[in-house]
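J.: First, the structure itself, so that you have it in front of you.
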Amino acid sequence: MYTVTIDRDACDGVFACLVRDDRFVEDADGLAAIEVDDEHAIAATFDDDHRGDAEQAADACPLDAITVEDAETDAPPQTLEPTEAGR
Ligand code: SF4
288 MYTVTIDRDA CDGVFACLVR DDRFVEDADG LAAIEVDDEH AIAATFDDDH RGDAEQAADA
348 CPLDAITVED AETDAPPQTL EPTEAGR
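This note's numbering applies: residue 288 is where the sequence shown begins, and numbers increase by one.
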């Protein structure tokens with residue numbers, strides 16, 4: 288189990304992450320988000336075999352805005368509020 292987090296203060300919408308891991312999407316405000324169950328999140332925990340994809344996205348991010356770390360609990364995704372996302 289692992290958690291993927293996007294530091295939206297660091298993200299500058301370069302979108303190198305999108306081509307490495309298709310869970311990363313462009314949010315309405317032009318920054319990256321993680322798509323989970325049709326919601327946009329800034330942090331989400333996964334229990335699958337795609338950790339390598341997320342780590343490639345993190346390595347590709349020129350601003351080091353993506354963190355991939357071990358997770359001990361299946362915490363609910365931290366979804367973006369519509370106002371925060373500019374929707
Ligand atoms: S690669 Fe990094 S800076 Fe670019 S959109 Fe993704 S998270 Fe943001």
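From the three backbone atoms N, C-alpha and C, an ideal C-beta is built for every residue, glycine too.
In this text, all values refer to a predicted model and were calculated from it rather than measured experimentally.
1) Can you list, in chain order, the residues of its chain with a C-beta nearer than 7 Å to that of VAL323? Leave out the 5 residues immediately preceding and following it.
2) Along the chain, where does the beta strand (DSSP E) containing ASP299 start, and where does it finish?
3) Quickly, what does DSSP pair ALA330 with across the bridge? List them, please.
4) Would PRO349 count as contacting chain D if we go by Cβ distances under 7 Å?
5) Count the other CB atoms, across all protein chains shown, that sit within 10 Å of the CB of THR290; report buried if there are 16 or more and exposed otherwise.
6) Quick one: grab the DSSP three-state call for ASP346.
T.: In terms of the structure at hand:
1) ALA331, PRO364
2) Segment: none, ASP299 is in no beta strand (DSSP E) and carries neither H nor E.
3) THR292, GLN365
4) Annotation note: the requested chain D is absent from the structure, which comprises a single protein chain.
5) buried
6) helix
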